[in-house]
Amino acid sequence: MFDSAPTERPGRGRTLALLSFAVLWTAACSAPADGAPEGDPTAAPPLPGPEDSNGENDDGGADDGQEGPANGDGPLGDRVVVIDPGHNGGNAEAASEINSLVEVGNGEKACDTVGSETVDGHSEHEFNWDLSLLVKERLEADGVKVVLTREDNESVGPCIDERAEIGNTEEADAALSIHADGGPESGRGFHVITPGEVPGLTEDIVEPSALLAEDIRREYLEGGDIPYADYLADEGLDERTDLGGLNLSTVPKVFLEAGNMRNPEDAELLTDPDWQADAADAIARGLASYLMRD
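Each residue of the sequence shown is one higher than the one before, counting from 2 in the working numbering.
1) List the endpoints of the continuous beta strand (DSSP E) containing F256.
2) DSSP three-state label for W130, please.
3) Rounded C-beta distance between Y229 and F256? I'm assuming under 8 angstroms.
4) Please work out which residues of its chain come closer than 8 angstroms, Cβ to Cβ, to D119, disregarding the five sequence neighbours upstream and downstream, and give them in chain order.
5) Between the Cα of V82 and those of G122, N129, V147 and D279, spot the shortest distance and give me the residue it belongs to.
6) Could you tell me which uninterrupted alpha helix (DSSP H) segments, each at least 4 residues in length, are contained entirely in the region 208-257, listed from first to last along the chain?
7) As an exercise, report each continuous alpha helix (DSSP H) stretch of at least 4 residues that is fully enclosed by the region 84-153, in chain order.
8) Between the Cα of E127 and the Cα atoms of E220, N92, A289 and G106, which residue gives the shortest distance?
9) Can you tell me where the beta strand (DSSP E) with T195 in it begins and where it stops?
10) Take G108 as the anchor and find which of V199, G287 and A176 has the nearest alpha-carbon.
11) Compare the C-alpha of L213 against each of T114, R294, D121 and S97 and name the closest.
12) For L288 and N129, what's the separation of their Cα atoms in angstroms?
13) Flag this pair as yes or no: are the beta carbons of G260 and A181 separated by less than 8 angstroms?
14) How would you label A23, buried or exposed, when you count the other beta carbons within 10 angstroms and need 16 or more for buried?
15) When you compare the region 230-249 with the region 162-182, are there three or more beta-carbon pairs, one atom per stretch, that lie closer than 8 angstroms?
16) Do you know how far the Cα of V157 is from the Cα of D60?
17) Can you check whether the CB of A285 is closer than 8 angstroms to the CB of L140?
18) Which residue comes first and which comes last in the alpha helix (DSSP H) that contains A165?
19) Please return the same chain residues whose Cβ sits closer than 7 angstroms to the Cβ of E204, not counting the five positions on each side in sequence.
20) Compare the Cα-Cα distances from D131 to each of D275, A175, S290 and Y291 and report the closest residue.
21) Is the separation between the beta-carbon of G245 and that of I161 shorter than 8 angstroms?
22) Might you give, ordered along the chain, the residues of its own chain that have their beta carbon closer than 7 angstroms to the beta carbon of E186, omitting 5 neighbours on each side?
Dropping the structure here:
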């Protein structure tokens, strides 16, 4: 297990910067996304998944004890990305708080949930936090202003509506919620969740979010060494209208379910520090590809 601020392998902090020109070429040559599959939202997995899994913080900042380049120092210096590490370490001890209902645009859902864990007890909230910090470091290396929706891995929440509001307040160019699924033990793989159309809420973000999902899906498939989920979604894409973190967002936003924590093959990768570093590279490249589309 990592500490909350994972240790970098030499040179890895500048990985994204070294690949900026390659990413620019990729973004320029990429075909538009086919879009996420239509239809009713996929039923929730056996253990808490996406937002059956959300959480967020009031100030949206994160102090990981490391200072990155100032915003503007790099090829993506005018961009803002909000990264939402799903769940939080204090949720399990705050049942009444995280079970309180909040509006999600087309109904009500729990403020947040505890999240999933591997058979060996590695918690999803810890995985989400560790991977989010790694992605943050890589984006900051190219000058991106990165805002995390929670400050640590010991607090409670924030609620799913607060997580969405952080991205809106920051007027983020892109927002990504990082999770790991709790699906059936026999199923493995990753998927990216995109917002479906919710009248009066998501019309403006459906199309750009689909492009964001396509860029992250492409890079993560290539660099994450995990296949598309074989137990839900369609070739790694899942469109949903029941997630407050997406419904309430006014900026392009997707959820990444990085793998299935209940599957032994996926769990072995998800808990490996070297794999997490490679996965963070891939996620950062996907985000950079989207940011360079303009």
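Glycine is no exception: its CB is placed at the ideal position from the N, C-alpha and C atoms.
Per the coordinate set shown:
1) Taking the sequence shown and counting its residues from 1, the one referred to as residue 256 is at position 255. Counting along the chain, the beta strand (DSSP E) containing F256 begins and ends at K254 to N261.
2) Working through the sequence shown from its first residue, we reach residue 130 at position 129. In this structure, W130 counts as helix in the three-state DSSP scheme.
3) Counting from one through the sequence shown, the residue named residue 229 turns up at place 228. Counting from one through the sequence shown, the residue named residue 256 turns up at place 255. That belief does not hold up - the Cβ atoms of Y229 and F256 are roughly 15 angstroms apart, past 8 angstroms.
4) As a working mapping, residue 119 is identified with position 118 in the sequence shown. The sequence shown places Thr at residue 119, not Asp. Same-chain partners within the cutoff: M262, R263, A268, L271 and T272.
5) Along the sequence shown, read from residue 1 onward, the residue named residue 82 stands at position 81. Of the listed residues, the one whose Cα sits closest to V82 is V147.
6) 245-248
7) 96-99 and 125-141
8) Counting from one through the sequence shown, the residue named residue 127 turns up at place 126. Here the closest residue by C-alpha is N92.
9) Mapped onto the sequence shown, residue 195 falls at position 194. Taken as a continuous stretch (DSSP letters only), the beta strand (DSSP E) holding T195 covers H192 to P196.
10) Residue 108 sits at position 107 when you count from the first residue of the sequence shown. Per the Cα distances, V199.
11) Taking the sequence shown and counting its residues from 1, one reaches residue 213 at position 212. With distances taken between Cα atoms, L213 lies closest to R294.
12) The residue given as residue 288 occupies position 287 in the sequence shown. The residue given as residue 129 occupies position 128 in the sequence shown. C-alpha separation (whole angstroms): 17 angstroms.
13) Position 259 of the sequence shown, counted from the first residue, corresponds to residue 260. Position 180 of the sequence shown, counted from the first residue, corresponds to residue 181. The answer is yes: Cβ separation under 8 angstroms.
14) One-based indexing of the sequence shown puts residue 23 at position 22. Unreliable placement is indicated for A23, whose pLDDT of 42 sits below 50; no coordinate value is reported for it.
15) yes
16) Numbered from 1 along the sequence shown, position 59 holds the residue referred to as residue 60. Numbered from 1 along the sequence shown, position 156 holds the residue referred to as residue 157. Any reading at D60 must be qualified, since the residue scores a pLDDT of 39, below 50, and its modelled position is unreliable; no value is offered.
17) As a position in the sequence shown, residue 140 is number 139, starting the count at 1. As a position in the sequence shown, residue 285 is number 284, starting the count at 1. With respect to the 8 angstroms criterion, L140 and A285 are classified as neighbours on the basis of their beta carbons.
18) As a working note, residue 165 is residue 164 in the sequence shown. Residues I161 to E171.
19) In the sequence shown, counting from the first residue as 1, residue 204 sits at position 203. The answer, listed in chain order, is E198.
20) Residue numbering aside, residue 131 sits at position 130 when the sequence shown is read from its first letter. The residue with the shortest Cα to Cα distance from D131 is D275.
21) One-based indexing of the sequence shown puts residue 245 at position 244. One-based indexing of the sequence shown puts residue 161 at position 160. Going by C-beta atoms, G245 is nearer than 8 angstroms to I161.
22) Reading the sequence shown from its first residue, position 185 is the one you call residue 186. Excluding residues within five positions, the ones whose Cβ falls inside 7 angstroms are R263 and N264.
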